[in-house]
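Structure, as structure tokens:
2 protein chains.
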Amino acid sequence: MTDNGNRPEDGPADATDTVATVLRQWRDVLPELDTDPMRLIGRINRSAALLRQAEDAPLRRPGLTRPEFELLGALRRTGRELTPGDLARETFSSGAAVTKRLKQLTGRGLVERRTDARDRRVVLVGLTAAGRELVDSVLPEQLSFEADVLSGLDAEERHRLAELLGKLLTQLEGRLAPRL
Amino acid sequence: MTDNGNRPEDGPADATDTVATVLRQWRDVLPELDTDPMRLIGRINRSAALLRQAEDAPLRRPGLTRPEFELLGALRRTGRELTPGDLARETFSSGAAVTKRLKQLTGRGLVERRTDARDRRVVLVGLTAAGRELVDSVLPEQLSFEADVLSGLDAEERHRLAELLGKLLTQLEGRLAPRL
DNA sequence: CGCCGATCATTTACGAGTGAAACACCTGCT
DNA sequence: AGCAGGTGTTTCACTCGTAAATGATCGGCG
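If you read the protein sequences in the order shown, they are chains Z and G. By full-length UniProt numbering, the letter at position 170 of the first sequence is numbered 170, and the numbering carries on one by one without gaps. By full-length UniProt numbering, the letter at position 64 of the second sequence is numbered 64, and the numbering carries on one by one without gaps.
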């Protein structure tokens, strides 16, 4: 028998992914370091990076960037006009970024801005027909692409994972994001 | 009895986090859409974003940016000199970005570059004493901070989550990152 | 031996995001 | 009514990352 895979801290899934190698390297150099949090945080970050990179592929065809698509999605799913401030909160980006993206998207005829009648400081942003059609055509592709990417896990595993992440996220949002 | 919380697709943890609200909005507007992948992908992305934002806090004190710290960490944990190309692969960023960061870090006396004797194209990057001391002093803080952030989950949940993410990541890396 | 293609690092030009300041407008108070 | 302070959006100056071009060097092959 070899000496790998039998340490109590190493589960079976820890053997092969990048984070596991990183953890082994740290253990070799600084054995007394408690690297346990990396197991989660490293994997969340790395998964997010890989997914982000992969997810962008279906969006490239319609020439959209991911944050642009999220902005359009926010408008589509709320079903009403939103202000730039709303959009910034909804897409977790800065107000300045939203302004820039709106310039792009209005230029392409996907969204429309109009100033609110009651309060002339605020502008209301809504999807045009073209914008709505674009979202409705891209979103199913995007979702089926995502489903395919996740198919390495079976339904039960995906469910447990989503549930645990939901719990983590609830905690994090309560603790780290008082703004909501 | 109310109608919330009893749909088969909604686990108990789905009730409160941001992603759950987004899913409800989509269901109200496009009920026939299979939003299941969002449950995972949305949560991974959102968790990563929150963690990233939080994690940067302990690094600000020594005036380090996250990618800079990851570069230093790669040098520390491998325990040897690395080339810019190695560092780019190790930190998942472009070569140009690495060059820029090396300029910063050599300026601060945290790393040293020397050209390889055998192959004068390649440059070998190593930690200075100050660099190693910096990593060794910041890393434990960083890890205990992370442990604190994750404390909303108990040990068993963290373990299962890490395991499932490890499995997912293994699949993703096999499929999406042939370069390794 | 000398050239040709490949490889590694760096430079350059550019696009995208950010925080802080600026601007427009509203609301409450006197 | 008029001003003070607050809120919503945009602009500005800057930083950072990237892709593509550049420069330097190696290895092999005629």
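We put the CB at the ideal spot given by N, CA and C, even for glycine.
Neighbour flag for residue i against chain Z, beta carbons, 8 Å
{"i": "residue 22/G", "result": "yes"}
{"i": "residue 54/G", "result": "yes"}
{"i": "residue 8/G", "result": "Unreliable positioning characterises residue 8/G in this predicted model, as indicated by a pLDDT of 45, which lies under 50. The coordinate reading is nonetheless provided below. It does not: the Cβ of residue 8/G has no partner Cβ on chain Z nearer than 8 Å."}
{"i": "residue 127/G", "result": "no"}
{"i": "residue 58/G", "result": "no"}
{"i": "residue 161/G", "result": "yes"}
{"i": "residue 19/G", "result": "yes"}
{"i": "residue 171/G", "result": "yes"}
{"i": "residue 166/G", "result": "yes"}
{"i": "residue 51/G", "result": "yes"}
{"i": "residue 252/G", "result": "Nothing can be reported for residue 252/G, as the shown portion of chain G is limited to 1 through 180."}
{"i": "residue 62/G", "result": "no"}
{"i": "residue 134/G", "result": "no"}
{"i": "residue 84/G", "result": "no"}
{"i": "residue 39/G", "result": "yes"}
{"i": "residue 43/G", "result": "yes"}
Residue i and residue j closer than 8 Å at C-beta
{"i": "residue 83/Z", "j": "residue 138/Z", "result": "no"}
{"i": "residue 192/Z", "j": "residue 128/Z", "result": "Outside the shown range of chain Z, which is 1 to 180, sits residue 192/Z, and nothing can be said about it."}
{"i": "residue 164/Z", "j": "residue 157/G", "result": "yes"}
{"i": "residue 71/G", "j": "residue 87/G", "result": "yes"}
{"i": "residue 37/Z", "j": "residue 146/G", "result": "yes"}
{"i": "residue 23/G", "j": "residue 39/G", "result": "yes"}
{"i": "residue 134/Z", "j": "residue 110/Z", "result": "yes"}
{"i": "residue 48/Z", "j": "residue 48/G", "result": "yes"}
{"i": "residue 166/Z", "j": "residue 155/G", "result": "no"}
{"i": "residue 168/G", "j": "residue 168/Z", "result": "no"}
{"i": "residue 27/Z", "j": "residue 35/Z", "result": "yes"}
Contact with chain G by residue i, beta-carbon distance below 8 Å
{"i": "residue 48/Z", "result": "yes"}
{"i": "residue 100/Z", "result": "no"}
{"i": "residue 92/Z", "result": "yes"}
{"i": "residue 29/Z", "result": "yes"}
{"i": "residue 146/Z", "result": "yes"}
{"i": "residue 67/Z", "result": "no"}
{"i": "residue 104/Z", "result": "no"}
{"i": "residue 119/Z", "result": "no"}
{"i": "residue 143/Z", "result": "yes"}
{"i": "residue 157/Z", "result": "yes"}
{"i": "residue 76/Z", "result": "yes"}
{"i": "residue 33/Z", "result": "yes"}
Straight-line Cα distance separating residue j from residue i
{"i": "residue 1/Z", "j": "residue 151/G", "result": "Per-residue confidence for residue 1/Z stands at a pLDDT of 44, beneath the threshold of 50, marking its modelled position as unreliable; the derived number appears in the next sentence. Taking the straight line joining both Cα atoms gives about 36 Å."}
{"i": "residue 18/G", "j": "residue 131/G", "result": "39 Å"}
{"i": "residue 90/G", "j": "residue 97/G", "result": "13 Å"}
{"i": "residue 92/G", "j": "residue 63/Z", "result": "24 Å"}
{"i": "residue 181/Z", "j": "residue 176/Z", "result": "No answer is possible for residue 181/Z: the residues shown for chain Z start at 1 and end at 180."}
{"i": "residue 56/G", "j": "residue 68/G", "result": "11 Å"}
{"i": "residue 54/Z", "j": "residue 118/G", "result": "38 Å"}
{"i": "residue 174/G", "j": "residue 108/Z", "result": "37 Å"}
{"i": "residue 78/G", "j": "residue 148/G", "result": "27 Å"}
{"i": "residue 114/Z", "j": "residue 16/G", "result": "33 Å"}
{"i": "residue 85/Z", "j": "residue 120/Z", "result": "14 Å"}
{"i": "residue 136/Z", "j": "residue 58/Z", "result": "14 Å"}
{"i": "residue 116/G", "j": "residue 103/G", "result": "18 Å"}
{"i": "residue 160/Z", "j": "residue 41/Z", "result": "18 Å"}
Burial state of residue i, where buried means 16 or more other Cβ atoms lie within 10 Å
{"i": "residue 29/G", "result": "exposed"}
{"i": "residue 65/Z", "result": "exposed"}
{"i": "residue 171/G", "result": "buried"}
{"i": "residue 94/G", "result": "exposed"}
{"i": "residue 60/G", "result": "exposed"}
{"i": "residue 191/G", "result": "Look at the range of chain G in this structure, 1 to 180, and you will see that residue 191/G is not part of it."}
{"i": "residue 46/Z", "result": "buried"}
{"i": "residue 122/G", "result": "exposed"}
{"i": "residue 80/G", "result": "exposed"}
{"i": "residue 76/G", "result": "buried"}
{"i": "residue 101/Z", "result": "buried"}
{"i": "residue 4/G", "result": "Only weak support exists for where residue 4/G lies, its pLDDT of 42 falling under 50; the coordinates are left without a value."}
Residue i CB to nearest heavy atom of the ligand NAD below 7 Å
{"i": "residue 20/G", "result": "With respect to the ligand NAD, the structure offers nothing, as it holds no ligand at all."}
Subject >> Start-end ranges of the beta strand (DSSP E) lying completely within the UniProt domain "HTH marR-type" (34-170) of chain G, minimum 3 residues >> reply: Complete beta strand (DSSP E) runs here, min 3: 111-115 and 123-127.
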